[in-house]
């Protein structure tokens with residue numbers, strides 16, 4: 029993978045990454061998986077030519093740094109951020125009035141993930157985040173956003189003042 033890689037975990041975030049065709053290097057799946065949803069993820073990953081490796085739950089817990097991975101972790105390219113000016117074209121391409129949200133001081137990754145999820149549901153075209161005063165895009169943000177992160181254009185800016 030040419031870009032820097034990151035991890036996302038949980039059924040919905042990984043499913044969304046597969047559907048959005050985000051570059052995925054490999055999928056780690058718990059050896060003892062039995063659910064239909066995990067079987068579908070594995071099938072979809074294989075159809076896209078993604079390496080699938082089966083690991084013990086304890087190893088997944090360590091790799092995800094949490095036991096709340098739902099039996100699946102994807103090694104993905106980092107979230108592609110755009111220039112804030114590019115967010116304007118998202119609305120223009122849809123023929124809609126621009127609807128952006130500016131975030132500053134959102135340091136808790138759970139809060140950022142919840143905002144991303146709500147913003148997608150509300151039809152926001154893009155998020156502008158403070159570079160120094162917002163949580164980084166992380167596996168926790170992805171999990172909390174429940175897949176919505178894949179469908180939200182985002183930009184980081186140095187100064188919102």
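Numbering (our numbering), first residue to last: 29 to 189. From the three backbone atoms N, C-alpha and C, an ideal C-beta is built for every residue, glycine too. Just so you know, these numbers come straight off a predicted model, no measurement behind them.
Checklist entry - Where does residue 143 sit, in a helix, a strand or coil, going by DSSP? => result Helix, per DSSP.
Checklist entry - For residue 190, does the count of other Cβ atoms within 10 angstroms reach 16, so buried, or fall short, so exposed? => result The chain is shown from 29 up to 189; residue 190 falls before or after that span and cannot be answered.
Item to check | Sequence-distant residues of the same chain with beta carbon closer than 8 angstroms to residue 106, five excluded per side | outcome: 31, 32, 33, 34, 165
Item to check | Whole-angstrom distance between residue 125 and residue 153, CA atom to CA atom | outcome: 9 angstroms
Checklist entry - What residue range is occupied by the uninterrupted beta strand (DSSP E) comprising residue 87? => result Not the beta strand (DSSP E): residue 87 falls in the alpha helix (DSSP H), residues 85–92.
Next on the checklist: Is residue 74 close to the ligand FMN? I mean its beta-carbon at under 8 angstroms from any heavy atom of the ligand.
Outcome noted: Among the ligands in the structure shown, none appear at all, so the ligand FMN cannot be discussed.
Next on the checklist: Is it the case that the segment 137–146 contacts the segment 78–87, given that we only count it when at least three CB pairs across the two stretches are under 8 angstroms?
Outcome noted: The segment 78–87 is not in contact with the segment 137–146.
Item to check | Own chain partners of residue 168 with C-beta closer than 7 angstroms, once the 5 adjacent residues on each side are dropped | outcome: 137, 138, 141
Next on the checklist: So, for residue 133: in the same chain, excluding its five sequence neighbours on each side, which residues have a beta-carbon less than 8 angstroms away from its beta-carbon?
Outcome noted: 158, 161, 162
Next on the checklist: Just to confirm the assignment, what range does the beta strand (DSSP E) spanning residue 131 have?
Outcome noted: 128–131
Item to check | Contacting residues, own chain, Cβ-Cβ under 6 angstroms from residue 129 (five flanking each side not counted) | outcome: 147, 152, 155
Next on the checklist: Using 8 angstroms for Cβ pairs, my map puts residue 184 next to residue 109. What's the rounded Cβ distance?
Outcome noted: 6 angstroms
Item to check | C-beta contact flag for residue 83 and residue 39 at 9 angstroms | outcome: no
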